[in-house]
């Protein structure tokens with residue numbers, strides 16, 4: 002390899018320095034161009050922003066003018082609405098006043114019409130006072146005669162009503178007695194039919210006449226199967242002292258002769274027995290009287306019997 006001399010080194014250094022300077026010059030020129038291009042771009046953007054700012058300023062001015070106009074119109078509308086509200090209130094007040102005036106006018110008109118009618122009636126009454134008095138006197142006389150006539154006719158009507166009421170009660174009692182008699186006959190008929198269809202052999206003929214009497218007197222009634230219907234009955238020796246323990250059960254409202262007879266047949270002969278009847282006793286009496294349960298409660302037989310019993314004790 003040949004040795005480099007100082008001249009060669011100097012030339013190489015000079016060449017490197019010249020290349021470096023040329024590179025810096027070229028780079029500087031390029032940088033200037035780029036800077037000029039960037040400045041031109043920024044200047045263009047700045048100009049565009051200025052134009053946009055001017056446009057926005059103009060637009061803002063227009064909007065502010067519109068806002069001012071809207072505020073002015075809103076203020077006018079509020080003032081108009083306030084004026085209309087005041088006008089409506091005045092109209093309502095005027096309407097109420099007119100209604101009061103109309104009501105007063107109607108009242109005055111009614112008063113005037115009433116006064117007119119009263120005056121007309123007074124005039125008519127004054128013109129026909131004598132006729133009215135005569136008509137009233139005749140009417141009073143006629144009513145007096147009718148009243149006297151009714152006063153004379155009323156007592157016989159009351160007596161007839163009482164008689165008819167008593168007759169109806171007697172008929173009801175007779176009807177109940179007839180029904181009871183029919184039931185007894187039906188029971189007797191059924192018993193006779195049963196006895197006629199059943200024949201039992203006689204084991205001891207001599208006992209057929211035991212206890213029988215050849216007398217024509219009526220046989221004394223003996224207790225039958227129905228004796229269990231007695232409600233707190235008195236014993237047979239209760240009449241041995243000559244005192245009759247029987248009460249007049251017909252004093253109880255709703256108890257007639259037939260019902261009293263049925264109650265006596267059941268052993269009920271005193272007010273005390275009716276006053277002390279239980280629900281079971283009431284049911285048995287109602288079954289015997291065929292549906293008298295509601296009537297017993299409705300006419301308060303037990304309450305009436307208690308009052309009559311207490312009266313008898315006090316007496």
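Residue numbers (this note's numbering): 2 to 316. Don't be surprised by glycine CBs; every beta carbon is placed ideally from N, CA and C.
Can you round the beta-carbon distance between residue i and residue j to whole angstroms, since I take them to be within the 8 angstroms contact cut?
i: residue 249; j: residue 270; result: Between residue 270 and residue 249 the Cβ distance is about 10 angstroms, and since that is not below 8 angstroms, they are no contact.
i: residue 257; j: residue 173; result: 7 angstroms
i: residue 294; j: residue 267; result: Contact flag wrong, Cβ pair sits at about 15 angstroms.
i: residue 309; j: residue 252; result: 6 angstroms
With a threshold of 16 other CB atoms inside 10 Å of the CB of residue i, please say whether the residue is buried or exposed.
i: residue 134; result: exposed
i: residue 13; result: exposed
i: residue 65; result: exposed
i: residue 68; result: exposed
i: residue 26; result: exposed
i: residue 302; result: buried
i: residue 286; result: buried
i: residue 124; result: exposed
i: residue 264; result: buried
Would you call the CB atoms of residue i and residue j closer than 9 angstroms?
i: residue 276; j: residue 306; result: yes
i: residue 178; j: residue 254; result: no
Report the residue from the options whose alpha carbon sits nearest the alpha carbon of residue i.
i: residue 314; options: 294, 303 and 273; result: 273
i: residue 298; options: 58, 310, 150 and 284; result: 284
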